[in-house]
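Numbering (the UniProt record's numbering), first residue to last: 471 to 753.
C-beta: ideal position from N, C-alpha, C; glycine also.
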Ligand code: C2E
Ligand code: MG
Ligand code: MG
Ligand code: MG
């Protein structure tokens, strides 16, 4: 009996694994085709100053819409792009697209505006990453002091010596660095102190927790305090309601991003949103 169960279990396991691998391979091809056929595009989610409620920048986020209109989440296709190596070209394209958008916004008068761009660890470890970054900045004419790269905390914890060296070189180009999804890893204060970073992004999970229980805000509070001690800017992500915004503001969090203020939008909508916001702010 035990034996047949084992066999049954084994059969089930390998079949579902086969399905998963086949699905992954299918998606890998579809993604490559989609990239070649311009089905991928970049949207921008505004980041705001919690006190003035004015925009200070935007995060570039990749989107994939299939010809039948379905959206596939980056949480699903980014790992596949990483696994297949496509992330190298895709990531460069996102960087260049976002840099060009930044230049356009500046030409339209939005001069105090930062563009944040997510960087995958596969991209980051690529031997030509630094060259790619320098060339993209040069070709697009994007001012590096208004470009920020987001790397995740989990990525920051692997191979500390390599990371410290890379960050030093990246900082020389003039761009700044944010640690994304902060609070989900276990970086120590002493380690963070050795990293040339500029900003911590409080992960959405901890923003959601803020209104949940009495101690719900403790991690957000800790990150804000950490930022203050290390002289880093702090931004909260995933702010969905006014209560969360209020609590964050009371805790001294200067910046935020989330559906409460704006959803990610395409470049054209961002232009409109920024102009409206400026008018409202001036009124
Ligand atoms: P992330 O960098 O932490 O991006 C924030 C995610 O939270 C985005 O999801 C955004 O749409 C979502 N979000 C923003 N505000 C709210 C809110 O108020 N409520 C909720 N529920 N969600 C909110 P998205 O666009 O699906 O991206 C998911 C992840 O995919 C990103 O997480 C990032 O890790 C990755 N990603 C997206 N674009 C790129 C890219 O161009 N390159 C790389 N390497 N990764 C990317
Ligand atoms: Mg991000
Ligand atoms: Mg994030
Ligand atoms: Mg996140």
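Close beta carbons around residue i, own chain, < 6 Å, minus the five adjacent residues each side
{"i": "residue 592", "result": "552 and 557"}
{"i": "residue 529", "result": "515 and 586"}
{"i": "residue 547", "result": "501 and 534"}
{"i": "residue 655", "result": "623, 624 and 627"}
Secondary structure of residue i, DSSP reduced to three states
{"i": "residue 577", "result": "helix"}
{"i": "residue 742", "result": "helix"}
{"i": "residue 665", "result": "coil"}
{"i": "residue 472", "result": "Caution applies to residue 472, whose pLDDT of 46 falls short of 50 and renders its modelled position unreliable; the value that the coordinates give is listed next. In this structure, residue 472 counts as helix in the three-state DSSP scheme."}
{"i": "residue 554", "result": "helix"}
Heavy atom of ligand 3 within 7 Å of residue i beta-carbon
{"i": "residue 707", "result": "yes"}
{"i": "residue 673", "result": "yes"}
{"i": "residue 650", "result": "yes"}
Residue burial classification, residue i (beta-carbon count within 10 angstroms, cutoff 16)
{"i": "residue 684", "result": "exposed"}
{"i": "residue 628", "result": "exposed"}
{"i": "residue 571", "result": "buried"}
Nearest candidate by alpha-carbon position, reference residue i, set the options
{"i": "residue 678", "options": "631, 727 and 636", "result": "727"}
{"i": "residue 695", "options": "672, 534, 641 and 524", "result": "672"}
{"i": "residue 503", "options": "535, 687 and 489", "result": "535"}
{"i": "residue 643", "options": "508, 624, 608 and 489", "result": "608"}
{"i": "residue 669", "options": "619, 594, 617 and 702", "result": "702"}
{"i": "residue 618", "options": "575, 568 and 675", "result": "568"}
{"i": "residue 616", "options": "582, 561, 495 and 738", "result": "582"}
{"i": "residue 645", "options": "597, 589 and 689", "result": "589"}
Any non-hydrogen atom of ligand 2 closer than 7 Å to residue i Cβ
{"i": "residue 588", "result": "yes"}
Contact test: residue i Cβ vs ligand 1 heavy atom, cutoff 7 Å
{"i": "residue 728", "result": "yes"}
{"i": "residue 439", "result": "Limits of the chain in this structure are 471 at one end and 753 at the other, which puts residue 439 out of reach."}
{"i": "residue 719", "result": "no"}
Residues near residue i by beta carbon distance below 8 Å, same chain, minus five either side
{"i": "residue 663", "result": "700"}
{"i": "residue 554", "result": "498, 501 and 502"}
Cβ shell of residue i (< 7 Å), same chain only, five flanking positions each side left out
{"i": "residue 606", "result": "562, 565, 566 and 569"}
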